[in-house]
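**Student:** Count the sequence shown with the UniProt record's numbering and you get residues 1 to 199, in order.
Please read through the structure below; I'll follow up with questions.
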Amino acid sequence: MCWRFCREVVSRYSTDVRELGFTIEELISESLGLEKDHMRKVLGEQGQHMAVNYYPPCPEPELTYGLPAHTDPNALTILLQDATVCGLQILIDGQWFAVNPHPDAFVINIGDQFEALSNGIYKSVWHRAVTNTEKPRLSVASFLCPADCAVISPAKPLWEAEEDEAKPIYRDYTYAEYYKKFWSRNLDQEHCLENFLND
Ligand code: OGA
Ligand code: NI
Numbered sequence: 001m002c003w004r005f006c007r008e009v010v011s012r013y014s015t016d017v018r019e020l021g022f023t024i025e026e027l028i029s030e031s032l033g034l035e036k037d038h039m040r041k042v043l044g045e046q047g048q049h050m051a052v053n054y055y056p057p058c059p060e061p062e063l064t065y066g067l068p069a070h071t072d073p074n075a076l077t078i079l080l081q082d083a084t085v086c087g088l089q090i091l092i093d094g095q096w097f098a099v100n101p102h103p104d105a106f107v108i109n110i111g112d113q114f115e116a117l118s119n120g121i122y123k124s125v126w127h128r129a130v131t132n133t134e135k136p137r138l139s140v141a142s143f144l145c146p147a148d149c150a151v152i153s154p155a156k157p158l159w160e161a162e163e164d165e166a167k168p169i170y171r172d173y174t175y176a177e178y179y180k181k182f183w184s185r186n187l188d189q190e191h192c193l194e195n196f197l198n199d
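Here is the structure:
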């Protein structure tokens, strides 16, 4: 009985979070002056992964991270934080800031693919999770991912200019190519998008 209930809740959560993600993708498109469905069309049939992160208390939190610094390789991440324990941090101008949980709020991370598709207007934020000595922490991350065959190409109106030489910051690539590259490096190395700059 309990398992059945759990399955229903997780299934409903996944469906609802997906719809929320699609709405955000439409809002991002509109905010860039593009057609509402622009990003969704480019991303194709989106995959969805869920990670349930459990960070046990750590006797010496200054010696390690729960999750080292990284950007998310996908399009958009919707993060549900444990309302009672802090741990998430983001990097702004070389300094780490805590993103403490807020009741009834998700953290929305722009992933690498929205940075590329927006030609760098949206930034995929560096983030990490730290631990503490007292309390375990749980977070639930839902990742919306482009279809493997989706061609990630910065939207033309965002880089097109009068001069003929105008070109986007990033070259075209498929998500499959990006994903392979992302996991072939250390998580906290340089921003993976740097490997996809236009020369
Ligand atoms: C992740 C992530 C942060 C957290 O799963 O990609 O960044 O607070 N999680 O658990
Ligand atoms: Ni992440």
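No residue lacks a Cβ here, since even glycine has one placed at the ideal position from N, Cα and C.
(1) Could you pull the DSSP bridge partners for Val42 from this structure?
(2) Look up Ile24 in the DSSP assignment and say whether it is helix, strand or coil.
(3) Going straight from the alpha carbon of Gln89 to that of Glu35, what length do you get?
(4) Around the ligand GDP, what residues have a beta-carbon under 5 Å from a heavy atom of it, in chain order?
(5) Does the Cβ-Cβ distance between Asn132 and Pro61 come in under 7 Å?
(6) Below 8 Å on the Cβ atoms is my guess for Ala176 versus Cys145; work out the distance and round it to an integer in Å.
(7) Take every Cβ of the stretch 160 to 169, pair it with every Cβ of the stretch 39 to 56, and state whether three or more of those distances are shorter than 8 Å.
(8) Assuming Leu32 and Leu138 are in contact, meaning their beta carbons sit under 8 Å apart, how far apart are those beta carbons, in whole angstroms?
(9) Among the candidates Trp96, His49 and Lys156, whose CA atom is the shortest distance from the CA of Val140?
(10) Below 8 Å on the Cβ atoms is my contact criterion, and I expect Pro168 with Pro154 to pass it. Report the Cβ-Cβ distance as a whole number of Å.
(11) Taking the continuous alpha helix (DSSP H) assigned at Ala116, which residues delimit it?
(12) Considering only heavy atoms of the ligand NI, does any lie closer than 6 Å to the CB of Asp112?
(13) Would you call the stretch 94 to 104 and the stretch 9 to 18 in contact, with 3 or more CB pairs under 8 Å?
(14) Quick check on Phe182: buried or exposed, where buried means 16 or more other Cβ atoms within 10 Å of its Cβ?
(15) Which runs of the alpha helix (DSSP H), 4 residues or longer, sit entirely within the UniProt domain "Fe2OG dioxygenase" (46 to 146)?
**Tutor:** Result, derived from the coordinates:
(1) One-based indexing of the sequence shown puts residue 42 at position 42. DSSP lists no partner for Val42.
(2) The sequence position of residue 24 within the sequence shown is 24, counting from 1. Here Ile24 carries a helix assignment [DSSP, helix/strand/coil].
(3) Taking the sequence shown and counting its residues from 1, one reaches residue 89 at position 89. Taking the sequence shown and counting its residues from 1, one reaches residue 35 at position 35. Between Gln89 and Glu35, the C-alpha separation is close to 33 Å.
(4) Of the ligands this structure carries, namely the ligand OGA and the ligand NI, none is the ligand GDP.
(5) On the sequence shown, position 132 is the one that residue 132 refers to. On the sequence shown, position 61 is the one that residue 61 refers to. Yes, they are a contact pair.
(6) Residue 176 sits at position 176 when you count from the first residue of the sequence shown. Residue 145 sits at position 145 when you count from the first residue of the sequence shown. About 11 Å separates the two Cβ atoms, so there is no contact after all.
(7) Remark: fewer than three beta-carbon pairs, one from each stretch, lie closer than 8 Å, so the stretch 160 to 169 and the stretch 39 to 56 are not flagged as touching.
(8) Counting from 1 along the sequence shown, the entry for residue 32 is found at position 32. Counting from 1 along the sequence shown, the entry for residue 138 is found at position 138. Contact between Leu32 and Leu138 fails: their C-beta atoms lie close to 34 Å from each other, not under 8 Å.
(9) Locating residue 140 in the sequence shown gives position 140, where the first residue counts as 1. Checking every option, the nearest Cα to that of Val140 belongs to His49.
(10) Reading the sequence shown from its first residue, position 168 is the one you call residue 168. Reading the sequence shown from its first residue, position 154 is the one you call residue 154. Right, the Cβ-Cβ distance comes to about 4 Å (below 8 Å), so this counts as a contact.
(11) Translated into the one-based positions of the sequence shown, residue 116 becomes position 116. Where Ala116 is concerned, the enclosing alpha helix (DSSP H) stretches over Asp112 to Leu117.
(12) Residue 112 sits at position 112 when you count from the first residue of the sequence shown. The answer is no for Asp112.
(13) No, the stretch 94 to 104 does not touch the stretch 9 to 18.
(14) Indexing the sequence shown from 1 puts residue 182 at position 182. The residue in question, Phe182, is buried, as its Cβ has 16 or more Cβ neighbours within 10 Å.
(15) 112 to 117
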